[in-house]
Amino acid sequence: MSGSEAPRSFLQKACENCRLRKIKCDKQIPCASCQTLGIACQAAAARAAEHRPRIVVTSQYERQIALIQERLQGIERSLKQLSQHSAASTPRPASYKAEVVNGSTQSDKSISIYEGESSFGNQTIQAGQLANVTATAVVGTASNELSSALSLLKDSLKRHEALSRTHETHLSTRAKLDLMSQDELPPAPLVIALINRAKANPSLSLVAFSYKGVSQFESLCQKVYFPLEPPPAGSMTFFYGFLYFVIRDYWAQQDPALREYDAQAIIDLCETRFCAGLEKFETLTIPVLPNIQALLIGAIKAQEECKLSLSWTFLSAAATQCHTLGFHRKSTLSHEPRETADIKRHLFWQLYMLDKNLSLNLGRGSNFNDSDIDAEFFTPSTHPQQRPWDLMSLDTILFARLQGQVYERLYSACAIEAGVDERAAAIEELSSQVNALRNQLLSIDFTGAYYQERLIGMAHSADFVCYSVLTVIHRAQSLTTTATEISPKCYEAARLGLENHLKCFAQFRNRSVPQQAEYVNW
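In this note's numbering, the protein residues as written are 1354 to 1875.
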């Protein structure tokens, strides 16, 4: 430092100029930056310490806060009551609820589905036309009494056609979905009681599901209520559907196991959960055993509700999954444990049976191609009470195969183009097979079977079913000629079918409504 340079003192903070310019200050007076710029260096002005008042929350403040909260709660209650009163007093359009719950179903009713020549709808319309032509030919001009009867018949057929050709996309409980808790399960003590009851006396659904039904029911409930790992895909939907039918059966019998519970509420819960599960994309597309089982139950329920198009939708999805897993081939199940393989075989053939029946009823090609199926039948039970049911199921499967042949050989696009001689030979062959299968079914001994009365009732309806199929078979003879012609054999089969229907239905008049509906819909 030169002798002419004044001594420099130090600052605690940057000088005022450096602070304003936001540059580095060496905290000396004068600082190097100010000397370089040739300006006076000034120390930063001292700031007075900021004193903030301290708020002390006294009891008076606490009372004021509490009062404000009470007022807010009162305002909320008033607004809630006001909105409820407004909702109750303001009329809404009748379609409001349907738009919220069934928003996707508004256009479903306008979808007209296809029905082939073998369908019940087409057959009945042709029968009405034939009756009108016949009456006019016999009387000259149709009498008033006959015209009135034919008019009633036509009106009934039109209503049936409108319903049968509507594409249903949902089961009937869809409107309840928003009312149920997503985590709610049926009471565990009830389910345990039902399992014990089923072991002693299985319900009708468990018996019809095969002799493995009780063990499947118990295993399924264990996976849901005592899971060692998350239930597989589709298990919950299958669980609710299975439980729905089991509880419904025992409730119809007024079983004491249900006395302590609100059975109807539990049935509604299971039904709603089941229907919701069927609408999931995963249920319709993921090929796993529980999904196929759920779709089978869904198809049965849709048929109970007389929604044949919806039943066909479930059957088609289940058939696709069966083919994906190879249930239709013998080699796929030959290496599995016998019990597991039998469960899958029974499932496959139940789907097959329903599909072939609907195929002929709706006039559509089957989802199961017989030329590609070599799966073995399930093994009938050795239990004397269950065995008649299994034998009945096996004969029903054979009859379903025959129904499939009726469509393929007489009503498919290729069959309609066949020659007269070929068609006549097919009609003769199929007619003889119907009679043979009828005799085989009636030869089953039902003595001591579970629900023997129900099984005998099913056997009594065999004549009605066989004559109905014979009518469809003989009706095919006139497909290539005039639509209003009918052969004597076709007329005789139709007459006998109607007579047997009246006999069968007389037996169901004194039975419960579900049993009557079961007969009518099937």
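The beta-carbon is built from N, C-alpha and C at its ideal position, and this holds for glycine as well.
Residue j beta carbon less than 8 angstroms from that of residue i
i, j, result
"Val1599", "Phe1627", "no"
"Ile1376", "Ala1396", "no"
"Asn1877", "Ser1669", "Given a span of 1354 to 1875 for the chain in the structure shown, any question on residue 1877 remains unanswerable."
"Ala1546", "Val1567", "no"
"Phe1731", "His1699", "yes"
"Val1773", "Ile1826", "no"
"Leu1744", "Ile1797", "yes"
"Gly1594", "Ile1548", "no"
"Glu1537", "Leu1622", "yes"
"Pro1585", "Val1544", "no"
"Lys1683", "Ala1728", "yes"
"Asp1748", "Gln1793", "yes"
"Phe1701", "Cys1659", "no"
"Ile1565", "Glu1692", "Residue identity differs from the one stated: residue 1565 is Lys in this sequence, not Ile. Cβ distance < 8 angstroms, so Lys1565 and Glu1692 count as in contact."
"Asn1714", "Leu1663", "no"
"Asp1608", "Ser1558", "no"
"Phe1591", "Pro1643", "yes"
Member of the options whose CA lies at the smallest distance from the CA of residue i
i, options, result
"Arg1791", "Ala1694, Ile1653, Met1811", "Met1811"
"Ser1784", "Gln1830, Trp1742, Tyr1804", "Gln1830"
"Cys1384", "Leu1373, Gln1606, Cys1368, Arg1372", "Cys1368"
"Ala1561", "Ser1662, Asp1621, Ile1653, Tyr1614", "Ile1653"
"Ala1647", "Ala1779, Gly1587, Gln1575", "Gly1587"
"Ala1766", "Phe1591, Ala1779, Tyr1803, Gly1716", "Gly1716"
"Trp1665", "Ser1712, Leu1808, Gly1679", "Ser1712"
"Pro1555", "Ala1771, Ala1802, His1813", "Ala1802"
"Thr1824", "Ala1778, Ala1616, Glu1657, Cys1843", "Cys1843"
"Arg1887", "Gln1606, Cys1574, Gln1426", "Because the chain here runs from 1354 to 1875, residue 1887 falls outside it and cannot be looked at."
"Pro1539", "Cys1857, Pro1609, Tyr1597, Pro1690", "Tyr1597"
"Pro1741", "Leu1808, Ile1696, Asp1695", "Leu1808"
"Glu1613", "Ala1541, Gln1656, Cys1659, Lys1633", "Ala1541"
"Met1589", "Glu1624, Lys1565, Asp1608", "Glu1624"
"Asp1695", "Ala1393, Ile1769, Ser1734, Phe1861", "Ser1734"
"Arg1879", "Asp1816, Glu1423, Leu1832", "Any question about residue 1879 goes unanswered here, given that the chain covers just 1354 to 1875."
"Gln1738", "Thr1800, Pro1841, Arg1776", "Thr1800"
"Ala1859", "Ile1620, Lys1697, His1813, Thr1685", "His1813"
"Gln1656", "Leu1524, Ala1393, Phe1579", "Leu1524"
"Ser1724", "His1688, Glu1761, Ser1746, Ala1768", "Glu1761"
"Ser1563", "Ser1746, Tyr1578, Glu1689", "Ser1746"
"Ser1840", "Glu1770, Ile1780, Ile1620, Arg1862", "Ile1780"
"Ala1846", "Phe1861, Asn1788, Leu1832", "Asn1788"
"Leu1631", "Ile1645, Ser1687, Ile1619", "Ile1645"
Enclosing alpha helix (DSSP H) for residue i [first to last residue]
i, result
"His1827", "1815-1828"
"Asn1644", "1642-1657"
"Ala1672", "1661-1678"
"His1699", "1691-1715"
"Ala1393", "That residue, Ala1393, is in no alpha helix (DSSP H); it is neither H nor E in DSSP."
"Phe1562", "It is not in any alpha helix (DSSP H) - Phe1562 carries neither H nor E in the DSSP assignment."
"Ala1546", "1541-1553"
"Tyr1603", "1588-1605"
"Asn1853", "1841-1861"
"Gln1758", "1740-1759"
"Cys1368", "Counting along the chain, Cys1368 falls outside any alpha helix (DSSP H), and DSSP gives it neither H nor E."
"Arg1682", "Premise fails: Arg1682 is in no alpha helix (DSSP H) and is neither H nor E."
"Asn1788", "1773-1795"
"Tyr1578", "1566-1578"
"Gly1630", "1616-1631"
"Phe1634", "1634-1638"
"Ala1728", "Unbroken run through Ala1728: none, as it is neither H nor E."
"Ala1610", "Element bounds for Ala1610: n/a, residue is neither H nor E."
"Ile1769", "1766-1769"
is_contact[residue i, chain B] using C-beta, thresh 8 angstroms
i, result
"His1813", "Structure shown: chain B not included; a single protein chain is present."
Any non-hydrogen atom of the ligand MN within 7 angstroms of residue i CB
i, result
"Leu1648", "In the structure on display, the ligand MN does not appear, and there are no ligands present to speak of."
With a threshold of 8 angstroms, are at least 3 pairs of Cβ atoms found where one atom belongs to the segment 1841-1854 and the other to the segment 1809-1823? yes
Counting pairs of beta carbons, one from the segment 1752-1760 and one from the segment 1699-1717, are three or more of them closer than 8 angstroms? yes
Does the structure place the segment 1627-1645 close enough to the segment 1669-1678 that three or more beta carbon pairs sit under 8 angstroms? yes
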